[in-house]
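A.B. asks: Sharing a structure, written as structure tokens. Questions coming.
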Amino acid sequence: MDNRTPDNADTYPALGRAFLWLDRPGGAKAVRYTLFILCALLIVADFVFYKKGYLPIEEFPIFYALFGFFSCAALLICSVVMRVILERPRDYYAPTDGALEPSPQEQAAKVDHHA
Amino acid sequence: MRHHLILRVVTKLLIGVIMLFALYVQFHGDYSPGGGFQAGVIMSVAFIIYSVVFSLADAQKVLPPWFVHKLMAVGLLLYALTGVYSMFAGYNYLDYDAINPEHPVSGQHNGIILIELGVGITVTAVMVTIFYAFASRTPPMDDEAW
Amino acid sequence: MLDALPTAFLFFLAALILPILPRGPLRSLLVLIVPVVAGLAVYALPMGNLVQAEFFGFTLDLMRVDPLSRVFALLFCIAAFLGGLFAWHLRDTVQQVAMLLYVGAAIGAVFAGDLVTLFFYWEGTAISSVFLIWARRSEASYFSGMRYLTIQIGSGVMLLAGIILHYSATGSIAFDAMTLDSPASWLIFIAFGIKAAFILLNNWMIDAYPSATVTGTVILSAFTTKLAIYALARGFAGTELLIYIGAATAVYPLIWAQLENDLRRVVAYALNLQQGFMFVGIGIGTELALNGAIAHAFVGVLYGMLLFMTLGAVMYRTGTSRATDLGGIYKTMPLTALFCLVGAASISAFPLFAGFVSKSLIISAAAKGSHYVVWGCLLLASAGGFLVCGLKVPFFAFFSKDGSLRPREAPGHMLLVMGLTAVLCVLAGTNPTALYALLPYDVSYQPYSTGHIITQLQLLLFSALAFALLLPTRLYPRPNPTVNLDFDWVYRRLLLGAIGLLAIPVRGFFRALDRFKAGPLKALIRTLYNTYGPMARTSQFWPTGAMVLWIAILLGVTLLVSYAS
Amino acid sequence: MATETVVHTALTLTDQLPALQIVVPFVAAPLIVLLGGRRWAWPIAFAASLASLVIAALLLASVLDGSIISYHMGGWAPPVGIEYRVDAANAFVLLLVSAISTVVLPYARTSIAREVSERHHALFYTAYLLCFSGLMGVAITGDAFNVFVFLEISSLSTYVLIAQGAERDRRALTASYDYLIMGTIGATFFVIGIGFLYMATGTLNLADLADRIADKGDSRTIRAAFAFIVVGIGLKVAMYPVHRWLPNAYTYAPSAITAFLAATATKVAVYVLLRFVFSVFQPAFIFEVHTLEFIILPFALVAMFACSFVAVFQSDFKMMLAFSSVAQIGYILLGISFLNETGVTAAVIHLFNHGITKAALFMAVGAYVYSAGGSFYDTMQGLGRRMPLTSAAVVIAGLSLIGVPGTAGFISKWVLVQGALEKGWWPVAILIVGSSLLAVIYIWRVIEVLYLQPTPEDSRVREVPMSMLVPIWIMTLACIWFGLNTDMTMSAAQAAARGLLAGSAGMMGQ
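In order, the protein sequence lines correspond to chains A, B, C and D.
Just so you know, we're using our numbering here: the first sequence kicks off at 59 and counts up by one.
Just so you know, we're using our numbering here: the second sequence kicks off at 105 and counts up by one.
Just so you know, we're using our numbering here: the third sequence kicks off at 329 and counts up by one.
Just so you know, we're using our numbering here: the fourth sequence kicks off at 3 and counts up by one.
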């Protein structure tokens with residue numbers, strides 16, 4: 059019943075404890091700011107270094123950055139819209155569909171997976 | 105037929121003659137009309153008369169059924185093995201030349217005699233067997249009732 | 329000694345021996361050793377058609393060894409070794425035997441020098457692999473396996489039909505490059521396409537992978553689709569149509585992957601998307617592009633397996649791989665999380681990771697050929713792929729919100745094999761020359777130019793930026809425990825409905841048939857029974873006299889006919 | 003007769019093969035009687051059969067190139083002496099008969115041990131060997147009268163063998179008796195026909211007969227001879243309407259015997275028919291064409307349907323198969339009546355394919371009799387689960403009987419349909435396919451009984467021993483093998499058909 063052991067950070071593996079700062083307030087923020095800084099550096103680098111392209115459009119300044127950002131944003135928004143059309147309840151195809159296998163939370167007494 | 109004295113005596117006399125005649129027909133088969141088939145039938149007549157006049161049990165004492173069976177096989181094998189012998193000698197099956205390659209004519213004679221002997225034995229045995237088969241079915245009435 | 333025996337037979341032999349061995353580590357060891365032996369044998373194989381067999385008048389080439397087939401066979405041996413190590417804990421005879429047969433069939437298919445042999449192994453992979461799905465032993469996996477089998481066998485049947493047409497048209501069964509100019513090659517193309525998961529033919533993959541067992545998914549992901557890539561590279565290299573199919577295949581799964589809740593399905597979508605890259609590479613058909621496609625298949629197996637292994641380990645410990653049920657487990661499974669990140673980085677083509685060196689080959693080739701739209705699609709797929717597989721999978725599996733799950737770290741052998749695979753991914757990424765050396769064609773390509781690294785990082789990090797910015801808002805599609813309609817709706821719902829409609833006239837027909845049965849048919853059967861049944865004259869004992877009478881009649885008639893004519 | 007010593011070159015064993023083919027089983031038969039023991043009967047019979055098989059294979063190998071072996075009995079040259087003549091057509095039949103016999107004998111040992119009382123075993127195997135050598139003799143001899151003699155040897159021993167079924171069912175005696183009457187009439191007609199031929203030509207050697215008939219041409223005597231021979235052999239073939247001896251004989255004979263006879267006896271008779279119709283008589287004779295078209299063809303069609311219908315309604319598996327045999331013989335006769343090469347090829351190939359199929363099926367019936375005690379459908383209920391291997395063999399061989407692609411039965415029906423279309427008789431082709439559907443029905447009934455009906459609760463039926471299963475499966479696999487690999491059967495059948503249709507040239511070989 060490892061899933062249900064009392065939550066004691068001392069029982070975590072060393073490596074797991076090393077990452078615990080992620081959960082602390084500000085942890086996520088730190089990650090985000092790192093990302094912003096990296097992005098800024100990359101924009102700078104785009105003008106500093108020579109880059110060779112096969113297509114004319116690649117010559118456009120920070121083309122890849124713009125492409126990456128806007129296409130992904132568009133993709134995510136698109137998915138949100140599409141979800142309205144595509145979403146169906148879990149037992150849509152069959153009452154025994156794979157999506158319906160009980161999750162650990164749903165099974166109070168989960169069998170031991172180490173068996 | 106114990107009371108038919110004449111029949112019994114005459115039969116005893118005749119059986120020897122019949123057998124002798126059968127042998128005559130048998131061994132003249134290669135020269136004159138006759139041969140194993142006829143001789144076999146005649147020979148079987150000797151046994152059949154004996155069993156008719158004396159009794160099936162007596163006849164079967166002389167010539168037990170199992171022995172007759174073997175005789176059938178022996179006769180047939182005699183025939184077939186003569187042929188096989190000629191094959192071993194390097195001739196065609198049943199080519200009697202093989203029996204005496206130096207003198208084919210005598211080989212032919214001997215070959216035919218062997219063959220006919222085989223036929224004779226088998227026919228005798230078969231005839232007797234057929235008679236036994238019919239005669240050994242339960243008799244409808246016994247001799248005294250005639 | 330081993331070149332006299334087709335490599336596939338090594339696996340078949342092992343599959344025969346395995347059930348004799350006692351249940352336990354000995355069997356696992358066998359599963360592990362065979363790929364090593366096979367791999368060494370393949371490595372040492374000379375080039376040429378090594379083994380031939382006669383079959384119904386055909387000469388079958390069981391072992392066509394050339395650079396192309398060898399690299400795939402080698403890849404399959406490595407994948408079989410990794411999969412075998414991952415399944416070390418397995419005590420399931422069915423899965424172990426199926427695994428060996430499946431790998432053997434895949435390697436056999438790769439070495440098949442003619443279409444007939446290819447067909448046999450093609451069906452062999454289908455039939456053996458379905459047991460990896462059924463081995464889950466749940467009702468859902470049974471139906472999923474049936475769908476998988478139907479589609480795979482369907483591919484085999486089309487292949488067979490194509491082969492027959494091809495043979496009757498050309499008189500040859502050799503498996504060489506083909507052009508799409510006859511029904512035969514079209515049939516073969518579509519058969520390959522089903523296995524390769526072309527757009528709209530891809531749903532079996534999404535459906536089947538997550539339905540298999542923890543270990544089965546890892547194995548499944550490595551062989552079937554890559555075998556199809558091999559077949560396409562061999563048969564249809566340079567087919568222009570493939571470029572467009574590839575571009576579409578690369579873009580199509582993005583939205584569904586975004587919406588999907590089951591992370592193993594997400595990975596399946598992501599792998600499907602990578603297939604698209606390979607199609608493009610094969611379609612372009614230049615040596616650079618082909619090399620790219622093959623290299624991508626090679627590393628694709630590695631990171632595909634790695635991702636499925638990490639999710640498999642999670643599933644092994646928690647029993648689920650759904651985003652809504654997971655989260656926060658990096659605390660207790662940190663190594664697994666780390667390896668997952670390596671896999672995610674590899675599939676997203678981060679510099680220094682495996683995907684980078686192969687994907688750039690293909691994109692460069694597309695750009696060189698000035699396929700503007702295709703190039704754009706591939707770029708979109710790169711960015712979107714990173715979004716789903718590089719960010720979504722590790723994030724929702726290991727980080728995200730902290731659930732109550734505190735699973736133990738994955739078992740030792742799983743950690744070992746995940747680590748090994750992760751190292752391979754990094755090695756391939758940092759040491760591209762070694763990877764390129766394996767490829768069939770000589771390339772002089774340098775993925776690590778400053779410009780290239782910068783543009784790639786721009787693409788990826790700005791995608792991450794979009795993710796980071798939108799995640800807290802409602803514009804991000806958070807996973808929901810729901811089903812999303814995909815193309816499989818067509819055959820799982822629409823077709824069923826159509827059959828329902830079709831059933832109405834059929835039912836009418838049978839009603840009419842019933843009425844017919846009750847009336848005229850019954851009378852007919854009664855008459856037949858009266859004429860021919862056991863009580864009838866024809867089948868009763870005839871008296872001997874009657875028979876003799878018939879003889880006399882027949883003789884009379886015959887005499888009459890022969891005299892009269 | 004030679005009076006001086008003739009220089010003689012010794013014959014080698016290879017030269018003696020045609021004689022040995024008959025002599026080996028023929029000598030083995032009395033040997034069993036002489037040794038008498040039950041213990042020796044089976045090994046001797048099996049050894050003889052095996053030796054025959056080897057010899058037949060050697061013979062076939064040496065005549066496949068189209069050459070002809072002629073062996074002179076007793077050193078008398080033909081046409082005066084008796085000649086054994088081996089060509090592709092009859093070497094094929096020899097191989098079929100000896101192969102079936104060699105496969106059936108191991109099966110017979112187990113099956114007969116249960117069906118025939120022990121004291122009859124020695125004589126049983128004697129009769130079996132006589133029957134076997136008789137059938138081989140019919141095929142190998144090149145002398146018309148010798149054909150009759152061997153036919154009688156095989157027939158007489160067959161009557162005995164069929165009567166051996168009396169221990170299981172007394173009706174075997176009447177069946178055997180009926181067959182005796184019918185067979186004797188058939189043989190008589192046949193010998194009368196030969197008498198007519200001898201009258202017309204003065205010779206008995208088949209090759210010589212063919213030449214002389216070709217020289218002399220058509221005459222009343224020859225027509226009469228033709229009619230008598232066709233009807234006489236037709237009886238042996240079990241041509242409809244004179245087939246009535248067959249169902250009972252097959253049903254009540256011991257299982258092993260049924261399997262052996264079904265696969266060989268009628269097939270050898272068909273071979274004789276082919277020999278006479280195509281080689282001895284000229285297929286160009288108008289009376290022959292008319293006889294085939296107006297008598298054999300319609301009766302063959304009637305047989306295909308009438309007997310299939312009877313088979314459909316049977317409740318005894320064995321009897322069903324027996325009736326199906328008559329229907330299948332209809333196909334063979336149909337092929338002959340086409341009088342073209344494809345038709346004859348179909349006849350020859352169906353002769354072979356139906357032989358192996360029916361051998362497998364009848365052996366399987368024997369397995370049910372052995373294990374379940376009977377072959378009625380109600381004793382076989384649900385045995386598909388109790389006897390899985392036997393039942394699987396039934397299914398496969400049944401498919402072959404129907405003519406499902408991939409089995410031997412398909413090949414022959416395919417060729418037959420082609421023959422009909424070649425002739426332009428497409429209604430006949432449709433009828434062929436139609437009657438195959440009837441086969442589907444009667445085979446389905448068996449499958450339904452075996453698999454879809456519940457096994458009785460108290461059933462103690464177990465799978466039969468290996469000695470029976472292996473022969474059954476050899477034949478079953480042969481059904482598949484010859485359905486997939488048609489090289490050997492097709493080429494042999496085509497060679498035989500071409501040789502037969504070439505008329506007398508086929509006999510003389512040059």
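Note that CB positions come from ideal geometry on N, CA and C, so glycine has one too.
With burial defined as no fewer than 16 other Cβ atoms inside 10 Å of the residue's Cβ, what is the status of W428/D: buried or exposed?
C.D. replies: When all chains shown are included, W428/D counts as exposed.
A.B. asks: Within the continuous alpha helix (DSSP H) that includes Y154/B, where are the two ends?
C.D. replies: G140 to V157
A.B. asks: Ordered along the chain, which non-local residues of its own chain (more than five positions away) have a Cβ less than 6 Å from that of G508/D?
C.D. replies: Its pLDDT being 44, under 50, G508/D is placed unreliably by the model, and the measurement read from it follows with that caveat. S281, G501 and L502.
A.B. asks: Which residues does DSSP list as the beta-bridge partners of V811/C?
C.D. replies: R146/A
A.B. asks: Would you say P147/A lies against chain C (beta-carbon separation less than 8 Å)?
C.D. replies: yes
A.B. asks: Counting only Cβ-Cβ distances shorter than 9 Å, please list the residues of the segment 805-835 of chain C near chain A, keeping chain order.
C.D. replies: P805, N808, P809, T810, V811, N812, L813, D814, D816, W817, R820 and R821
A.B. asks: DSSP beta-bridge partners for T758/C?
C.D. replies: DSSP lists no partner for T758/C.
A.B. asks: Between which residues of its own chain and I217/B is the CB-CB distance below 8 Å, once the five residues before and five after are set aside?
C.D. replies: Hits under 8 Å: F131, G133 and D134.
A.B. asks: Is there a Cβ from chain C that is less than 8 Å from the Cβ of V233/D?
C.D. replies: yes
A.B. asks: In its own chain, which residues sit with a C-beta less than 6 Å from the C-beta of A756/C, not counting the 5 before and 5 after it?
C.D. replies: Here the set comprises V627, A682 and L763.
A.B. asks: My output table needs one value for T801/C: the three-state DSSP class, helix, strand or coil.
C.D. replies: coil
A.B. asks: Does any residue of chain B bring its CB to less than 8 Å from the CB of M75/D?
C.D. replies: Closer than 8 Å: yes.
A.B. asks: Within a Cβ cutoff of 6 Å, which residues of the same chain sit near Y495/C, ignoring the five residues on either side of it in sequence?
C.D. replies: I501
A.B. asks: Just the Cα atoms here: how many angstroms apart are F77/A and F667/C?
C.D. replies: Near 14 Å, if we compare the C-alpha coordinates of F667/C and F77/A.
A.B. asks: List the residues of chain E that P27/D touches, going by C-beta distances under 8 Å, in chain order.
C.D. replies: Checking the listed chains, one finds no chain E in this structure; the protein chains it contains are A, B, C and D.
A.B. asks: Fully enclosed by the segment 264-300 of chain D, which alpha helix (DSSP H) runs are 4 residues long or longer?
C.D. replies: 288-293
A.B. asks: How about the segment 486-494 of chain D and the segment 348-359 of chain D: do they share at least three Cβ pairs that are nearer than 8 Å?
C.D. replies: yes
A.B. asks: Here's a check: name, in chain order, each residue in its chain whose Cβ is nearer than 7 Å to the Cβ of I146/B, leaving out the five neighbours to either side.
C.D. replies: I122, F125, A126 and V129
A.B. asks: Give the secondary structure of H741/C by DSSP, where H, G and I count as helix, E and B as strand, and everything else as coil.
C.D. replies: helix
A.B. asks: Is the beta carbon of V463/D less than 8 Å from the beta carbon of R388/D?
C.D. replies: yes
A.B. asks: I'd like to know if S100/D contacts chain C, where contact means its C-beta is closer than 8 Å to some C-beta of that chain.
C.D. replies: no
A.B. asks: Judging by CA-CA distance, which residue of R351/C, L856/C, L403/C and F339/C is the nearest neighbour of V312/D?
C.D. replies: L856/C
A.B. asks: Please state whether the Cβ-Cβ distance between Y273/D and T260/D is less than 8 Å.
C.D. replies: no
A.B. asks: Between L198/B and chain D, is the shortest Cβ-Cβ distance under 8 Å, so that the two count as touching?
C.D. replies: By the rule that beta-carbons nearer than 8 Å mark a contact, L198/B touches chain D.
A.B. asks: I'd like to know whether the C-beta atoms of T445/C and F551/C end up nearer to each other than 8 Å.
C.D. replies: no
A.B. asks: Can you tell me where the alpha helix (DSSP H) with T112/D in it begins and where it stops?
C.D. replies: First-last of the alpha helix (DSSP H) with T112/D: A90 to E117.
A.B. asks: Indicate whether the contact test is met: 3 or more Cβ pairs, each with one atom in the segment 33-40 of chain D and one in the segment 213-231 of chain B, closer than 8 Å.
C.D. replies: no
A.B. asks: Once DSSP output is grouped into helix, strand and coil, what is the label at L388/C?
C.D. replies: strand
A.B. asks: Given a cut-off of 8 Å, decide if T543/C and Q380/C are closer than it, judged by their beta-carbon atoms.
C.D. replies: Annotated as distal: Q380/C and T543/C, with beta-carbon spacing of 8 Å or more.
A.B. asks: Tell me whether W532/C is buried or exposed, calling it buried when 16 or more other Cβ atoms sit within 10 Å of its Cβ.
C.D. replies: buried
A.B. asks: Report the rounded CA-to-CA distance for W483/D versus L360/C, giving the unit in angstroms.
C.D. replies: Cα-Cα distance, rounded: 38 Å.
A.B. asks: What span of residues does the beta strand (DSSP E) with L728/C cover, start to end?
C.D. replies: Position check: residue 728/C holds Ser in this sequence, whereas Leu was assumed. Looking at the DSSP string, S728/C is not in any beta strand (DSSP E), and its letter there is neither H nor E.
A.B. asks: Taking 8 Å as the CB-CB limit, is A177/B close to chain D?
C.D. replies: Between A177/B and chain D, the shortest Cβ-Cβ separation is below 8 Å.
A.B. asks: Secondary structure at M329/C, three-state DSSP: helix, strand or coil?
C.D. replies: Only weak support exists for where M329/C lies, its pLDDT of 47 falling under 50; the coordinates are left without a value.
A.B. asks: What are the start and end residues of each continuous alpha helix (DSSP H) run of 4 or more residues lying completely inside the segment 590-666 of chain C, in chain order?
C.D. replies: Here the runs fully enclosed are 591-612 and 615-646.
A.B. asks: Determine the direct distance from the alpha carbon of S157/D to that of L175/D, and round the result to whole angstroms.
C.D. replies: 15 Å
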